[in-house]
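J.:
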DNA sequence: GCTTGACCTCAAGTGAACTTCAAGTGGCAG
DNA sequence: CTGCCACTTGAAGTTCACTTGAGGTCAAGC
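Protein chains in written order, with the numbering used here: chain L, 65 to 213; chain U, 65 to 213.
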């Protein structure tokens, strides 16, 4: 098929065309040429978009994701970075699980107010604990964002 | 002690004073008065801030969190909403766990490129699966954000 | 009495990730 | 050839959660 146009990529990836153009501008994807004004994309853009979506879910920023593609255009992901992200993800999962259990308890808790429930207060302690004030200027952006649209 | 000033609240909560002023403006917290120009806060602002932090971690927006406080100023959180959020959190956790396992595998995978690894490709499928294009205009903001700073 | 420093207000700026808009272009049907 | 319409562009706008900056006030210390 020698190249899909942006509309087809958009349809197949479930993303608006504007997002694809935005990604191209950011260097996350590349078109293989034009037909008239229209971008043509190789079909390998689809797994690449899947990888981008994956990276986003895993908490990488678009900029970080862009850095994961080597010069050859194929993913060249640093294995150390991957392991670090996995560890970070693991810590996040633990916190979220504690949170989920707390929420679930609060949803059925017989205490008249959530504040009187020991489980709820415990959850507050977990949530409030150890916030390292490492934000000197302009959002640190190392953590997870916008997981699970 | 009849009221801490903003600096003390900031210190105890580990938040900058600007954030506290911002939260007050948004109706998330309230000062109990002034000493001169300076805001005074009751000590109950601290658990309240913990609850706000918790809500943020659990994926609620500040606006949603503001809606969780009843007229009496005490948390009046809808139990149905809590359960729904717990379920959402649970789905997110499952995805993240799959992701973590995939990342962890990729970090040690012997395949020359990640793309040639079946586990990695499987992870891509998980990540790329079923994106409901429910984003008509201007950020939906219902998902998790900024978990685990 | 003057300086200092911590607070005050209000407006504007930041950053990520997009979306929206106005104006222009290209290919194809009629 | 003309119209149409889906596409193109670059610039500007949007949202969220804050932060920063300018200019002001006030209580305490020297």
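A virtual CB, placed ideally from N, CA and C, is assigned to each residue, including glycine.
With 16 other CB atoms within 10 Å as the buried threshold, where does residue 95 of chain L fall?
T.: Here residue 95 of chain L refers to the residue found at position 31 when the first chain is read from its first residue. Result: buried.
J.: Identify each residue in the stretch 93–116 of chain L for which the Cβ-Cβ distance to at least one residue of chain U is less than 7 Å, and report them in chain order.
T.: Going along the stretch 93–116 of chain L in chain order, one finds 111, 114 and 115 with a Cβ nearer than 7 Å to chain U.
J.: Is it buried or exposed, residue 101 of chain U, if we count other Cβ atoms within 10 angstroms and call 16 or more buried?
T.: The sequence position of residue 101 of chain U within the second chain is 37, counting from 1. By the 10 Å Cβ count, residue 101 of chain U comes out exposed.
J.: Just the Cα atoms here: how many angstroms apart are residue 185 of chain U and residue 118 of chain L?
T.: Position 121 of the second chain holds residue 185 of chain U. Position 54 of the first chain holds residue 118 of chain L. In a straight line, the C-alpha of residue 185 of chain U is about 11 Å away from that of residue 118 of chain L.
J.: Could you tell me which chain U residues have their CB closer than 9 Å to the CB of residue 71 of chain L, listed as they occur along the chain?
T.: What you label residue 71 of chain L is simply residue 7 of the first chain in a count that begins at 1. Per Cβ cutoff of 9 Å: no residues; residue 71 of chain L is ~14 Å from chain U at best.
J.: Consult DSSP for residue 104 of chain U and reduce its assignment to one of helix, strand or coil.
T.: If you number the second chain from 1, residue 104 of chain U lands on position 40. Strand, per DSSP.
J.: Could one say the Cβ of residue 76 of chain L lies closer than 7 Å to chain U's Cβ atoms, at least one of them?
T.: As a working note, residue 76 of chain L is residue 12 in the first chain. By this cut-off, residue 76 of chain L is not an interface position.
J.: Select from L/89, L/91 and L/106 the residue whose C-alpha is nearest the C-alpha of residue 97 of chain L.
T.: In the first chain, counting from the first residue as 1, residue 97 of chain L sits at position 33. Comparing Cα positions, the closest option is L/106.
J.: Exposed or buried, which one is residue 214 of chain U when buried takes at least 16 other CB atoms within 10 Å?
T.: Coverage of chain U is limited to positions 65 through 213, which leaves residue 214 of chain U absent and any answer about it impossible.
J.: Is it true that the stretch 148–161 of chain U meets the stretch 162–175 of chain L, where meeting means three or more beta-carbon pairs spaced less than 8 Å apart?
T.: Touching, yes.
J.: How long is the line joining the alpha carbons of residue 172 of chain L and residue 150 of chain U, rounded to whole angstroms?
T.: Counted from its first residue, the first chain places residue 172 of chain L at position 108. Counted from its first residue, the second chain places residue 150 of chain U at position 86. Computed Cα separation, rounded: 12 Å.
J.: In the DSSP assignment, what residue or residues form a beta bridge with residue 98 of chain U?
T.: The residue you call residue 98 of chain U lines up with position 34 of the second chain. According to DSSP, which records beta bridges pairwise, residue 98 of chain U is partnered with U/103.
J.: When you compare only the Cα positions, how much space is there between residue 112 of chain L and residue 110 of chain U?
T.: Taking the first chain and counting its residues from 1, the one referred to as residue 112 of chain L is at position 48. Taking the second chain and counting its residues from 1, the one referred to as residue 110 of chain U is at position 46. Approximately 45 Å between the Cα atoms of the pair.
J.: With DSSP as the reference, identify every bridge partner of residue 132 of chain L, one or two as the case may be.
T.: Against the first chain, residue 132 of chain L aligns to sequence position 68. Beta-bridge pairing links residue 132 of chain L to no other residue.
J.: Just curious, the alpha helix (DSSP H) that residue 42 of chain L is in, first and last residue?
T.: There is no way to answer for residue 42 of chain L, as the model of chain L reaches only from 65 to 213.
J.: Could you tell me whether the Cβ atoms of residue 170 of chain U and residue 146 of chain L are closer together than 7 Å?
T.: Taking the first residue of the second chain as 1, we reach residue 170 of chain U at position 106. Taking the first residue of the first chain as 1, we reach residue 146 of chain L at position 82. Yes, the Cβ-Cβ distance between residue 170 of chain U and residue 146 of chain L is below 7 Å.
J.: When the cut-off is 7 Å and only beta carbons count, does residue 126 of chain U lie next to chain L?
T.: Taking the first residue of the second chain as 1, we reach residue 126 of chain U at position 62. Output row for residue 126 of chain U: interface = no.
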